[in-house]
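Using this note's numbering, the final residue of the sequence shown is 1310, and nothing's skipped along the way. All C-beta atoms in this analysis are idealised placements derived from N, C-alpha and C, irrespective of residue type, glycine included. Right, one structure below, let's go through it.
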Amino acid sequence: MFLENTKNAGSIEVICGSMFSGKTEELIRRLKRAKFARLRVEIFKPKIDTRYSDEEVVSHDSNTIVSTPVDSSTAITLLTGDVDVVGIDEAQFFDKGIVDVCLQLANNGVRVIVAGLDMDFKGKPFGPMPDLMAVADEVTKVHAICVRCGDLAEFSHRKSDSDKLVVLGEQDIYEPLCRRCYLACTDVSDENGDSSGPLC
Ligand code: ZN
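Here's what the structure looks like:
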């Protein structure tokens, strides 16, 4: 478990990692502790993520907490008039405005806890996550376990051949891989720029 040095006011915490790394479980754990402390907690997630339920942040082990789905980051500002702690899940799907929303909340004394994918399936920084990590007081990178070799995994490898950035899914579409196994499964270009194509 994490022994985080939590403040109950004016801060931004980012929990990031690949798919199946336990980001949402860690978000839920911190939010539940805030609730035990009788703090006023609000939780948001982007409307795009409709995998399980419209009203709940749900992690893969069904440890749930009720959340509000919102269309855009500005809706979070409108819905956080009187809170101590704000949780945001799947932050990679929000617009860039989420960074200013988090800063504004923290500057007003709110503890903001953000969870999201740090990289997309191509291994590139995902949406507003790099900027959120830059302005955060504390960043926690969590890791999944590589399904091929058992090492720590930081990549979300997409098993389907779709090139769309956002394809929601579970184990049938994505698998967590370590760097070595991820590189072995993705396009590898040689010195002339010729691609050898996917190797698995
Ligand atoms: Zn591996």
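{"Check": "Report all residues from its chain with a CB closer than 8 Å to the CB of Pro1235; omit the five preceding and five following residues, and keep chain order.", "Outcome": "Asp1228, Met1229"}
{"Check": "Should Cys1256 be counted as a contact of the ligand ZN given a C-beta to heavy atom distance under 7 Å?", "Outcome": "yes"}
{"Check": "Using only the heavy atoms of the ligand ZN, determine whether one of them is closer than 7 Å to the beta carbon of Arg1143.", "Outcome": "no"}
{"Check": "Compute the Euclidean distance between the alpha carbons of Ala1294 and Ile1125, then round it to the nearest angstrom.", "Outcome": "27 Å"}
{"Check": "Let me check one thing: in DSSP terms, what residues is Phe1265 bridge-paired to?", "Outcome": "Leu1287"}
{"Check": "Would the segment 1240 to 1255 count as touching the segment 1138 to 1149 if we require 3 or more Cβ pairs under 8 Å?", "Outcome": "no"}
{"Check": "Quick check on the DSSP output: the alpha helix (DSSP H) that includes Val1211 runs from which residue to which?", "Outcome": "1208 to 1217"}
{"Check": "Of all the CB atoms in chain E, is at least one closer than 8 Å to the CB of Asp1194?", "Outcome": "In summary, chain E is missing from the structure at hand, where a single protein chain is found."}
{"Check": "Excluding the 5 residues preceding and the 5 following Tyr1284 in the sequence, name in chain order all residues of the same chain whose CB lies nearer than 6 Å to its CB.", "Outcome": "Met1129, Ser1266, Arg1268"}
{"Check": "Kindly indicate which residue of Asp1181, Lys1142, Asn1217 has the alpha-carbon position closest to the one of Glu1200.", "Outcome": "Asp1181"}
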